[in-house]
Amino acid sequence: MAVNLYAASYSGTLTSFELTKDRNGSYAFLQKQILNLGRRTPAWLTLDSSNGILYVANEGLTSRNGSLLSYKTSKEGNLTQIQELQTFWGPVDITLGNSVQTFSITEPGQFVVLESYTYTMDGPGPVPNRQEAPHPHQSILDPTGSFLLMPDLGADLVRVYKIDKTTNKLTAVEPLKATPGSGPRHGTFSKKPVGGHYIFYLVTELTSQVTAYKVTHSDCGNLSFEEVGSLSTLKPGQPIPPTTTGEGTGVGAEVAVTHDNKHVIVSNRRDLTFNNASDSMTVYEISPRTGNLTFQQQFPAGGSFPRQFALNKAGDLVAVGLQNSGLVAVLSRNRRTGLFDRQVASVPVAGQVTCVVWDE
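Taking the UniProt record's numbering, the leading residue of the sequence shown gets 1, the next gets one more, and so forth.
In structure tokens form, the structure reads like this:
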């Protein structure tokens with residue numbers, strides 16, 4: 001077995017690795033390429049595997065603007081830049097600070113700005129040091145391809161847009177209103193309907209909750225959301241650790257539904273559950289009737305600040321980007337039980353790791 005992975009770092013690097021597995025079941029990383037992006041600070045990677053294109057969001061932490069870059073991938077793990085387009089400051093997950101831009105892909109790796117949006121608030125939210133302004137954190141396409149969702153940590157909303165299939169332009173519709181002060185960060189949909197409806201799972205960073213919503217496509221063409229349950233992103237009864245950094249109190253970060261639609265995985269940053277050596281990954285079982293979640297496991301993430309993670313196609317390995325540890329760790333999981341069983345590999349990455357993706 002040999003598969004490529006790409007990792008981004010705030011140090012301004014893109015690194016490609018090959019992960020191999022020998023006959024004895026041992027895994028090993030081989031570094032293939034390091035690209036130095038200068039003063040750019042890549043925050044998110046999105047892989048178009050069908051066309052062999054890697055899109056990179058440069059957050060622009062050391063400059064006045066961000067940018068969107070594209071690279072051609074190869075079987076050998078080498079990346080070749082295709083295009084760079086300047087954006088607003090602060091792209092994360094191909095979304096932007098208090099602004100959002102959409103892009104039209106004219107051909108693989110080539111894009112032009114389609115629309116731009118800037119959001120405002122009348123005043124700070126309930127957590128003023130984190131909610132002084134809107135902060136869209138992610139863009140999510142719904143399973144029908146008809147709506148785009150954007151969790152906004154600052155405004156306590158998930159902004160919802162209807163997509164015009166002819167022009168690809170967006171029309172704002174009724175948003176999902178989260179609990180005040182909760183700070184919506186990342187969300188994901190179930191892979192298929194559960195009990196007749198798709199389920200939307202939302203992690204709120206400031207309150208460290210994962211909430212399940214039943215999604216209904218209304219007759220007027222909008223989305224509606226009905227909460228079916230909410231749990232802590234930590235083990236039941238475990239308190240959220242205090243912080244003195246002024247960055248809020250929450251620990252919840254990334255969320256994903258497994259390919260078999262049976263489990264949800266959430267990463268927690270700064271919880272230091274395991275003897276101060278590692279933050280945690282939490283596993284939940286999905287009710288096949290309601291889509292609600294039941295806590296199953298809390299497992300070491302492999303280091304500090306698991307900002308983002310990605311499952312491989314088989315669903316038996318999870319690559320974790322450990323921002324403060326400067327590592328990519330790979331955890332194995334039992335596909336039958338859904339539980340993690342061990343860490344099989346790790347590799348250092350220069351600087352703070354922001355994102356890792358598989359190329360299979």
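Beta carbons are placed, not taken as given, at the ideal position from N, Cα and C, and that holds for glycine. Since the structure is predicted, the reported quantities are computational estimates derived from the model, not experimental observations.
Inset, instruction - Tell me whether the beta-carbon of T211 lies closer than 8 Å to the beta-carbon of E227. - result: Along the sequence shown, read from residue 1 onward, the residue named residue 211 stands at position 211. Along the sequence shown, read from residue 1 onward, the residue named residue 227 stands at position 227. Their beta carbons are under 8 Å apart, which means T211 touches E227 by this criterion.
Legend entry - Residues near V194 in its chain [Cβ-Cβ closer than 8 Å; skip 5 each side]: On the sequence shown, position 194 is the one that residue 194 refers to. The residues are N261, I286, S287, P288, R289, T290 and G291.
Legend entry - Beta-carbon contacts of T258 that lie in its chain and below 6 Å, excluding the five residues immediately before and after: Position 258 of the sequence shown, counted from the first residue, corresponds to residue 258. The residues G315, in chain order, have a CB closer than 6 Å to that of T258 in the same chain once the five nearest residues on each side in sequence are set aside.
Legend entry - Given L202 as reference, the closest of T233, T15 and T120 once Cα atoms are compared: For this step, residue 202 is matched to residue 202 along the sequence shown. When only C-alpha atoms are compared, the closest one is T233.
Inset, instruction - Determine, using beta carbons only, whether V255 and P241 come nearer to each other than 8 Å. - result: Residue mapping note: residue 255 aligns to position 255 of the sequence shown, counting from 1. Residue mapping note: residue 241 aligns to position 241 of the sequence shown, counting from 1. Taking 8 Å as the Cβ cut-off, V255 and P241 do not qualify as a contacting pair.
Inset, instruction - Report the rounded CA-to-CA distance for S146 versus D164, giving the unit in angstroms. - result: Translated into positions along the sequence shown, residue 146 becomes position 146. Translated into positions along the sequence shown, residue 164 becomes position 164. Across the structure, S146 and D164 are spaced so that their CA atoms are roughly 8 Å apart.
Inset, instruction - Confirm, please, whether the CB-CB distance from S16 to G351 is below 8 Å. - result: What you label residue 351 is simply residue 351 of the sequence shown in a count that begins at 1. What you label residue 16 is simply residue 16 of the sequence shown in a count that begins at 1. For G351 and S16, no; Cβs fall outside 8 Å.
Inset, instruction - Tell me whether the beta-carbon of P348 lies closer than 8 Å to the beta-carbon of L327. - result: Taking the sequence shown and counting its residues from 1, the one referred to as residue 348 is at position 348. Taking the sequence shown and counting its residues from 1, the one referred to as residue 327 is at position 327. Cβ distance < 8 Å, so P348 and L327 count as in contact.
Inset, instruction - Under the assumption that V160 contacts L176 (Cβ atoms under 8 Å), give the Cβ distance between them as a whole number of angstroms. - result: Taking the first residue of the sequence shown as 1, we reach residue 160 at position 160. Taking the first residue of the sequence shown as 1, we reach residue 176 at position 176. Contact between V160 and L176 holds: their C-beta atoms lie close to 7 Å from each other, under 8 Å.
Inset, instruction - Report buried or exposed for A178, applying the criterion of at least 16 other Cβ atoms within 10 angstroms of its Cβ. - result: What you label residue 178 is simply residue 178 of the sequence shown in a count that begins at 1. Note on A178: 16 or more other CB atoms within 10 angstroms of its CB, so buried under the neighbour-count rule.
Inset, instruction - Classify residue 361 as helix, strand or coil using the three-state DSSP reduction. - result: Nothing in the structure corresponds to residue 361, since the chain is present only between 1 and 360.
Inset, instruction - State yes or no: is the C-beta of L37 within less than 8 Å of the C-beta of Y55? - result: Position 37 of the sequence shown holds residue 37. Position 55 of the sequence shown holds residue 55. No; because the gap between Cβ atoms is not below 8 Å, this pair is not in contact.
Legend entry - Selected residue, minimal CA-CA separation from L322, among V344, S280, S50 and S230: Residue 322 sits at position 322 when you count from the first residue of the sequence shown. With distances taken between Cα atoms, L322 lies closest to S280.
Legend entry - Start-to-end residues for the beta strand (DSSP E) that takes in T204: The sequence position of residue 204 within the sequence shown is 204, counting from 1. Under the DSSP assignment, T204 falls in the beta strand (DSSP E) whose first and last residues are Y198 to T204.
Legend entry - For E59, the nearest candidate out of N324, A43 and P128 (CA to CA): The residue given as residue 59 occupies position 59 in the sequence shown. Restricting attention to N324, A43 and P128, the CA atom closest to the CA of E59 is found in A43.
Legend entry - S139 (DSSP reduced to helix, strand or coil): Locating residue 139 in the sequence shown gives position 139, counting from the first residue. Three-state result, S139: coil.
Inset, instruction - Output yes or no for whether 8 Å exceeds the beta carbon distance between N78 and Q31. - result: Position 78 of the sequence shown holds residue 78. Position 31 of the sequence shown holds residue 31. No; because the gap between Cβ atoms is not below 8 Å, this pair is not in contact.
Inset, instruction - Could you check if N129 is buried or exposed, using at least 16 other CB atoms within 10 Å of its CB as the buried criterion? - result: In the sequence shown, the residue the question calls residue 129 occupies position 129. Here N129 is exposed. Its C-beta has fewer than 16 other C-beta atoms within 10 Å.
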